[in-house]
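In this note's numbering, the protein residues as written are 2 to 469.
From the three backbone atoms N, C-alpha and C, an ideal C-beta is built for every residue, glycine too.
Heads up: the structure comes next, in structure tokens.
Given below as structure tokens:
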């Protein structure tokens, strides 16, 4: 009787931490091929997870495919360089032993030495080696983590990573052409333009992202939020030190951008963004914000909405086109006036330092993180944690409010005075830019009830409440 050769697969893995004498994938595959030849096994499949640590918890797609092929009979043998290439987590080893039991799988061989998982002694040996590998990986992980913390605290680069936009391949020196794009994006965002609008413009102009592809809102937001472009080193999302590379924008501009992106009030639905006076109009009867409510024929209008989840009275309506034109003209007239310019200049001279408020917010966030660690390590109890958390959160909220107030008029830079040209440029501005300018000047507009039987636009119903 002719016995069919074992149809074997080879599993190889190399992890990104380069721990110990990490073996390259090519060497693992070559040594396993030779082992298969010596045993007379036919290698029919190869499974390679490159740059994935078995201890990291990240998905290993090729490992999962290997197990599926064993279970379905695509392969009936497995070759590995060492069992720790296959798994370093004890729970994975136990799952693999269970699979071997179910399949009556005995054809498992390793280059570094034979372990028979079908015997009690073999399983005991595998578990001991697995525990040792787990401890080694855990120790390495702690060393790497501490090394990354030290590098961050000293403002140094760590590891590899893709080239950040605005910098050259060394990730240290500024790329002049891209740096100009970064500054432009920062200026436009600070002036109130939306991430999506800036992104669309960059793509229309053929300006590619660092990856060589088109810009996405997520990519642009990540770049603007990053402390890197302000010459600041981050670690786990927190700014920890001045960086060794040059800044592209100022720390003050970066602080304002981060505070703006963190503001929950920015999260509005897209349909509301098509209306200029979203979050500006308030009902003159109940005081609730009016929302966009188009007529059935498609005519734009605002309404004090009533219904499930809505707290309005439902009695005030206002046509959108005439109201938006009136409010825009009122804002432009105010910005043109010399009196307004004098008021604004006085406010800007007395504005507190945005960097100071950003620093206070960062300190409060760091204190909350330390407090959470203390609770997690059982250094303090729940009651102590709750008592200490409340005043820190209050300081954080206050610092963010003060930061927003300190930088509120940034959007008006270059837009004040009759010679600014804003009136001539108004219709060419993106809707989000127009909204930002209006909200920098105007706190809200109270909409009074209309006269019964009078269907024309009545400007006397609109009562502006100026912010500046």
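Closest residue to residue 337 among 62, 65, 181, 421 (Cα-Cα distance) | Residue 421 is the option with its Cα nearest to residue 337.
With 16 other Cβ atoms within 10 Å as the buried cut-off, status of residue 73: The residue in question, residue 73, is exposed, as its Cβ has fewer than 16 Cβ neighbours within 10 Å.
Roughly how many angstroms lie between the CA atoms of residue 459 and residue 345, to the nearest whole one?
Their Cα atoms are separated by approximately 30 Å.
What are the complete beta strand (DSSP E) segments, minimum 3 residues, inside the segment 309–385?
For the segment 309–385, whole beta strand (DSSP E) runs of length 3 or above, ordered along the chain, are 318–320.
Neighbourhood of residue 176 by C-beta, 7 Å cutoff - its chain only, sequence neighbours within 5 removed | Same-chain partners within the cutoff: 167, 168, 169.
*Does the Cβ of residue 129 have 16 or more other Cβ atoms within 10 Å, making it buried, or fewer, making it exposed?*
With a 10 Å radius around the Cβ and a threshold of 16 neighbouring Cβ atoms, residue 129 comes out exposed.
Practice problem: Report the three-state DSSP secondary structure of residue 85 (helix, strand or coil). | Solution: Residue 85 carries a helical assignment under DSSP once its states are collapsed to helix, strand and coil.
Inset, instruction - Closer than 8 Å by C-beta to residue 71: which residues in its own chain qualify, once you throw out the five before and the five after it? Chain order, please. - result: Excluding residues within five positions, the ones whose Cβ falls inside 8 Å are 10, 77, 79, 100, 104, 106.
Q. Looking only at its own chain, which residues have a Cβ that is under 7 Å from the Cβ of residue 36, when we skip the five neighbours before and after it?
A. Counting only Cβ-Cβ distances below 7 Å, and skipping sequence neighbours, we find 80, 110, 112.
Item checked: Bridge partners - residue 111, DSSP secondary structure assignment -> According to DSSP, residue 111 bridges with 81.
* Please list, in chain order, all residues of the same chain as residue 8 whose beta carbon is under 7 Å from its beta carbon, the five residues on each side excluded. => Answer for residue 8: 43, 45, 76, 77, 78, listed in chain order.
- request: Alpha carbon to alpha carbon, how far is residue 15 from residue 23? Give it in angstroms, no decimals.
  value: At residue 23, the pLDDT of 44 sits below 50, so the modelled position is not reliable and the matter cannot be decided from this model.
| query | Quick one: is residue 466 buried, meaning 16 or more other Cβ sit within 10 Å of its Cβ, or exposed? | reply | Residue 466 should be labelled exposed.
Please classify residue 416 as buried or exposed, where buried requires at least 16 neighbouring CB atoms within 10 angstroms. Burial is judged here by how many other beta carbons sit within 10 angstroms of a residue's own beta carbon; residue 416 has at least 16 and is buried.
Output the distance between the C-alpha atoms of residue 117 and residue 27, rounded to the nearest integer angstrom. Residue 27 has its alpha-carbon roughly 26 Å from the corresponding atom of residue 117.
Residue 247, enclosing beta strand (DSSP E) - first and last residue:
Neither: residue 247 is in no beta strand (DSSP E) and is coded neither H nor E.
Any chance the segment 187–194 sits against the segment 431–444, with 3 or more Cβ pairs inside 8 Å? Contact annotation: the segment 187–194 touches the segment 431–444, with at least three C-beta pairs closer than 8 Å.
Evaluate residue 272 with the Cβ neighbour count: other Cβ atoms within 10 Å of its Cβ, from every protein chain shown; 16 or more gives buried, anything less gives exposed. Residue placement at residue 272 is flagged as unreliable, the pLDDT there being 48, under the threshold of 50; a coordinate-derived value is accordingly withheld.
- prompt: Considering only the beta carbon of each residue, do residue 298 and residue 307 sit closer than 9 Å?
  reply: Taking 9 Å as the cut-off, the Cβ atoms of residue 298 and residue 307 do not count as close.
Compute the distance between the beta-carbons of residue 283 and residue 290, then report whether it is under 9 Å. Inclusion of residue 283 and residue 290 in the CB contact set at 9 Å is warranted, their separation being smaller than that value.
Checklist entry - If you run the structure through DSSP and keep just helix, strand and coil, what is residue 439? => result Residue 439 falls in the helix class under three-state DSSP.
Give every residue of the same chain whose Cβ lies closer than 7 Å to the Cβ of residue 423, excluding the five residues on either side of it in the sequence, and list them in chain order.
Correct list, in chain order: 333, 336, 416.
| Among 63, 64, 449, which residue has its Cα nearest to the Cα of residue 287? | Here the closest residue by C-alpha is 449.
Given this structure, state the Cα-to-Cα distance separating residue 96 from residue 397, to the nearest angstrom. Residue 96 and residue 397 have their C-alpha atoms roughly 47 Å apart.
Comparing C-alpha positions only, which one of 121, 277, 361, 293 sits nearest to residue 329?
Nearest C-alpha to residue 329: 277.
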